[in-house]
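Comments concern the structure below.
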Amino acid sequence: MTLRIGILGCGKIARLHAQGYKTASDLAQVVVCCDEYSVELAQNMAKEFGADVTTSWQAVIERSDVDAVSICMPPDQHAPIALAAAKAGKHVLLEKPMAMNMEECKQIVAAAEQADTVLMIGQNQRWQPEHIQIKELLDRNAIGKIVALRFDCNQFISRMYPPDSWIFDKAKSGGGMITQTAVHKIDLMRHFFGEIDEVSAFNGYTGLNPGYKPGGNEDISAFLMNFENGIVGEAFYLFAAYKVPIPTATGELTIIYGDKGVIHNVLGWHIYSTEIPEYSGGLTKLDIHQHPYTDSVNAEVRHFLECIRDHKEPITSGRNNLGTMATVFALYKSAETKTVVKVEKTQQ
Ligand SMILES: NC(=O)c1ccc[n+]([C@@H]2O[C@H](COP(=O)([O-])OP(=O)(O)OC[C@H]3O[C@@H](n4cnc5c(N)ncnc54)[C@H](O)[C@@H]3O)[C@@H](O)[C@H]2O)c1
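Counting in the working numbering, the sequence shown tops out at residue 349, every number present.
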């Protein structure tokens, strides 16, 4: 059976979703592309599929010949559209961050459960082939019991989005570096190591991104995490980095410390392990190559379609993502109150 897809919002990430559906043409066909503010973007995307074009997302979810939608709009639109889509019986692939606050996230999850539809969040980093390989090593206990981790990310947001973008407006984006970027690694680390118990964060504003206003979105965040299993984590995120000072393939550093070794991704993925002879001579470069970002979104889209076909809960289901979003909102609360904040326990 071919699933009929509507793409809602035809900007940057939607182009990757479209590519994903094209790659999974054995399972799906895009039948309509919608962009409220740029009909040209919708037309260009629709051309590739011979799909219809509209500026109304309501018109898409009212169509009986649409089985599922990709929601690729700014975060303030996620809850109203995901709720309406579930009510109309549509399966939903919803971009990160799931929504603007915990209440909205829970409502989206409840609506999909009530409608018995698939709700998946676009946390594509879980499908990056190199992350899958690292998870296999961790699951094999290659560096023993994990005790600590560090991750960071260096980007320059003003070079990535035009000055009038929704991304600079807190009322539309819900936040800066944490909701837009750190949400990926928080989700990946939960996938690797389980739930985060408490957090402590300092957020800042550099003044280097004119679109951001003081008191608005953060373009720096430094935070600490205590996982339920005792792992201590440290993260640093900067949305105003002229250059990436630590040479990693993606501009994102990851270091994982075990009681029997270490894994890191500086100048490629490396491992040292006291347990595995071939890795015990010193830091050893792993045969893990960087794949294009599109590969992870292609795999994410295929997983979404397979879950609909097989009536399965996605790995990054809305229900699972509540733990990621609870961590995100705990980080904001910590930065505001200058206290250590417990992460809300969510249904898993
Ligand atoms: N998974 C990832 O790696 C990744 C990367 C980038 C963005 N994102 C997420 O994807 C979402 C979109 O980000 P983007 O970078 O593609 O933004 P974008 O600005 O490039 O595209 C958003 C599009 O949505 C359209 N739009 C806005 N409101 C609409 C509405 N009501 N109806 C129809 N269309 C509407 C806009 O006209 C625009 O074309 C955000 O939630 C963002 O966090 C995820």
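Quick reminder that beta carbons are idealized off the backbone N, C-alpha and C, glycines included. All values reported here derive from a predicted model rather than from experimental measurement.
Option in the options with minimal Cα separation from residue i
| i | options | result |
| --- | --- | --- |
| Arg310 | Val31, Thr55 and Asp68 | Asp68 |
| Thr347 | Ser335, Ala327 and Glu337 | Ala327 |
| Leu150 | Ala52, Asp260 and Lys244 | Asp260 |
| Val61 | Ala43, Lys48 and Glu49 | Ala43 |
| Pro75 | Phe237, Asp165 and Met46 | Asp165 |
| Gly350 | Glu63, Gln124, Ile221 and Asn142 | The structure shown does not extend to residue 350, since the chain is modelled only from 2 to 349, so the question has no answer here. |
| Glu196 | Pro211, Ala116, Asn125 and Glu229 | Glu229 |
| Ile256 | Tyr243, Ala242 and Phe237 | Phe237 |
| Leu28 | Ala331, Leu95, Arg320 and Glu307 | Glu307 |
| Lys286 | Phe330, Ile272, Pro278 and Glu279 | Ile272 |
| Cys154 | Ile179, Glu131 and Ile82 | Ile179 |
| Pro98 | Tyr162, Ala52 and Ser174 | Ser174 |
| Glu314 | Ala86, Ile232 and His92 | His92 |
| Phe194 | Asn102, Glu105 and Ile232 | Ile232 |
| Gln156 | Asn210, Glu96 and Met190 | Asn210 |
Rounded straight-line distance, which links the Cα of residue j to that of residue i
| i | j | result |
| --- | --- | --- |
| Leu254 | Lys136 | 16 Å |
| Asn299 | Met121 | 14 Å |
| Leu268 | Ser274 | 18 Å |
| Asn204 | Thr182 | 14 Å |
| Glu37 | Met46 | 14 Å |
| Pro248 | Ile8 | 36 Å |
| Asp140 | Lys146 | 10 Å |
| Cys73 | Leu239 | 24 Å |
| Thr24 | Trp128 | 15 Å |
| Gln124 | Gly319 | 10 Å |
| Thr207 | His185 | 22 Å |
| Ser384 | Thr340 | Outside the shown range of the chain (2 to 349) lies residue 384, about which nothing can therefore be said. |
| Thr338 | Asn102 | 17 Å |
| Ala116 | Ile109 | 11 Å |
| Asn266 | Pro81 | 39 Å |
| Gly262 | Leu225 | 22 Å |
Start and end residues, beta strand (DSSP E) containing residue i
| i | result |
| --- | --- |
| Asn299 | Run containing Asn299: none in the beta strand (DSSP E); it sits in the alpha helix (DSSP H), Tyr294 to Asp311. |
| Met226 | Ile221 to Phe228 |
| Glu253 | Glu253 to Gly259 |
| Ile197 | Ile197 to Gly205 |
| Glu337 | No beta strand (DSSP E) contains Glu337, which is instead part of the alpha helix (DSSP H) from Gly319 to Thr338. |
| Gln30 | Ala29 to Cys35 |
| Phe240 | It is not in any beta strand (DSSP E) - Phe240 carries neither H nor E in the DSSP assignment. |
| His290 | It is not in any beta strand (DSSP E) - His290 carries neither H nor E in the DSSP assignment. |
| Val93 | His92 to Leu95 |
Residue i, enclosing alpha helix (DSSP H) - first and last residue
| i | result |
| --- | --- |
| Ala250 | Note, Ala250: premise wrong, no alpha helix (DSSP H); not H, not E. |
| His185 | Val184 to Phe194 |
| Ala19 | Lys13 to Thr24 |
Contiguous beta strand (DSSP E) assignments of at least 3 residues, all confined to the region 43 to 81:
53 to 55 and 69 to 72
Within the region 100 to 170, note down every full alpha helix (DSSP H) run reaching 4 residues or more, in order along the chain.
103 to 116 and 130 to 140
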